[in-house]
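The following block contains the structure:
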């Protein structure tokens with residue numbers, strides 16, 4: 016079933032689309048609409064015109080019906096006339112001014128939701144143009160960034176056309192996810208994300224600091240790559256682990272179990288260290304102590320455990336230690352990140368272990384379900 020309202024994501028850090036910037040425009044640019052964006056498909060002519068605020072998109076209804084349950088259900092619903100029929104009967108409002116005469120089978124335009132005047136972000140959706148005959152189309156009350164919304168919708172269309180696109184920020188992916196949720200196109204957006212991540216270094220670089228948000232997004236999108244990447248980061252930084260702030264009980268439980276597995280790996284290495292302290296010579300003990308001192312925070316505070324074990328990895332002179340727990344230490348210090356290359360306890364990942372993993376069967380969704 017298709018819900019008439021959107022599913023909201025929890026957004027503690029990124030809550031709104033950027034405010035519209037005031038730009039100086041000439042009279043010509045202020046009155047001229049943007050050039051229509053025409054999507055190409057071999058052997059097909061666009062038969063659906065979507066007007067998202069000021070931006071026209073000329074697309075193919077057959078493709079949107081394949082990838083969007085919303086358009087599959089509502090484009091040809093009995094209560095809607097096609098655009099050509101509406102134009103011939105006069106049902107298409109004359110106030111709608113398009114870049115070209117009506118040659119499309121379907122015409123859909125932007126309509127504001129009831130709360131568009133009360134929030135900076137506002138909400139909007141597309142409706143059949145023929146259904147607006149008795150309703151004024153006034154978008155002046157919209158307080159958000161129209162261009163930003165149009166770009167996010169354009170990238171959702173790119174996903175439906177299986178064309179490459181780039182994600183600029185976590186906020187943009189959040190907007191795209193909300194649009195995909197409303198138009199029942201989450202599966203196709205999810206399947207195209209892995210390629211988009213490779214073209215989006217700025218977004219990938221933001222996952223560490225916004226890992227709670229991206230973990231929730233990954234769950235909504237059912238994207239295992241983003242979920243695993245976010246899960247690695249959400250268990251850090253050491254001493255201020257962000258998984259404890261997760262609001263979703265299911266996600267918090269998964270993170271807690273991952274933290275327990277990490278603790279087990281740490282304990283195996285610590286057991287070997289205790290053995291060295293007890294039986295090894297003074298030189299090895301001295302090197303372990305130096306590693307601990309170097310790994311403490313600058314203010315003399317808590318011991319940064321990832322940094323500490325990274326220091327031990329460099330202490331090749333601790334022969335007994337490496338013999339006793341070399342394999343356990345390697346397992347602790349490996350990186351399971353796939354979108355970035357970092358080393359645990361060093362640089363960008365200082366304060367982070369990167370060895371966290373999760374099996375497919377433990378992901379918080381049914382991996383065999385193809386449509387949702």
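In my numbering, the protein residues as written are 16 to 387.
Idealized CB from N, CA, C, for every residue including glycine.
Nearest-angstrom Cβ-Cβ length linking residue i and residue j, presumed shorter than 8 Å
i: residue 171; j: residue 195; result: 6 Å
i: residue 73; j: residue 56; result: With a Cβ gap of about 11 Å, residue 73 and residue 56 do not count as contacting.
i: residue 387; j: residue 237; result: 7 Å
i: residue 258; j: residue 366; result: That belief does not hold up - the Cβ atoms of residue 258 and residue 366 are roughly 14 Å apart, past 8 Å.
i: residue 273; j: residue 373; result: 7 Å
i: residue 218; j: residue 255; result: Incorrect: roughly 23 Å between the Cβ atoms, too far for contact.
i: residue 1; j: residue 283; result: With the chain covering 16 to 387 only, the question about residue 1 has no answer from this structure.
i: residue 232; j: residue 266; result: No, residue 232 and residue 266 are not in contact; Cβ-Cβ is about 11 Å, not under 8 Å.
i: residue 371; j: residue 250; result: 6 Å
i: residue 281; j: residue 292; result: Not confirmed; about 16 Å, so no contact.
i: residue 120; j: residue 63; result: 7 Å
i: residue 158; j: residue 140; result: Residue 158 to residue 140, Cβ: 16 Å. No contact.
i: residue 241; j: residue 208; result: 7 Å
i: residue 269; j: residue 377; result: 7 Å
i: residue 230; j: residue 368; result: That pair is no contact at about 17 Å.
i: residue 167; j: residue 190; result: 4 Å
Delimiting residues of the alpha helix (DSSP H) encompassing residue i
i: residue 322; result: 320-329
i: residue 77; result: 76-82
i: residue 147; result: No alpha helix (DSSP H) holds residue 147; DSSP gives it neither H nor E.
i: residue 235; result: 226-236
i: residue 185; result: 185-197
i: residue 371; result: No alpha helix (DSSP H) contains residue 371, which DSSP labels as neither H nor E.
i: residue 209; result: 201-213
i: residue 219; result: 216-221
Environment of residue i [buried if 16+ CB atoms lie within 10 Å]
i: residue 225; result: buried
i: residue 271; result: exposed
i: residue 156; result: exposed
i: residue 22; result: Below a pLDDT of 50, predicted positions are generally treated as unreliable, and residue 22, at 43, falls in that range; no measurement from the model is reported.
i: residue 205; result: buried
i: residue 210; result: exposed
i: residue 192; result: buried
i: residue 197; result: buried
i: residue 260; result: exposed
i: residue 53; result: exposed
i: residue 83; result: buried
i: residue 175; result: buried
i: residue 289; result: exposed
i: residue 348; result: buried
i: residue 11; result: Limits of the chain in this structure are 16 at one end and 387 at the other, which puts residue 11 out of reach.
i: residue 382; result: exposed
i: residue 319; result: buried
i: residue 213; result: exposed
i: residue 202; result: buried
i: residue 77; result: exposed
i: residue 36; result: At residue 36, the pLDDT of 49 sits below 50, so the modelled position is not reliable; the number obtained from the coordinates is stated separately. It is exposed - the Cβ of residue 36 has fewer than 16 other Cβ atoms within 10 Å.
i: residue 264; result: exposed
i: residue 329; result: exposed
i: residue 122; result: buried
i: residue 145; result: buried
Per-residue DSSP class, three states only, for residue i
i: residue 316; result: coil
i: residue 121; result: strand
i: residue 301; result: helix
i: residue 70; result: strand
i: residue 170; result: helix
i: residue 87; result: helix
i: residue 103; result: Because the pLDDT of residue 103 is 47, which lies under 50, any placement of that residue in the model is unreliable, and the question is left without a value.
i: residue 378; result: coil
i: residue 306; result: helix
i: residue 154; result: coil
i: residue 56; result: strand
i: residue 181; result: coil
i: residue 63; result: strand
i: residue 126; result: strand
i: residue 352; result: coil
i: residue 42; result: Since pLDDT at residue 42 reaches only 43, below the 50 mark, its modelled position is unreliable, and the value read off the structure follows with that caveat. Looking at residue 42 - three-state DSSP - the assignment turns out to be helix.
i: residue 387; result: coil
The ligand GDP heavy atom lying under 8 Å from the CB of residue i
i: residue 362; result: With respect to small molecules bound, the structure shown includes none, and the ligand GDP cannot be examined in it.
Ordered list of alpha helix (DSSP H) runs contained in the stretch 239-294, each at least 4 residues | You should have 239-249 and 264-294.
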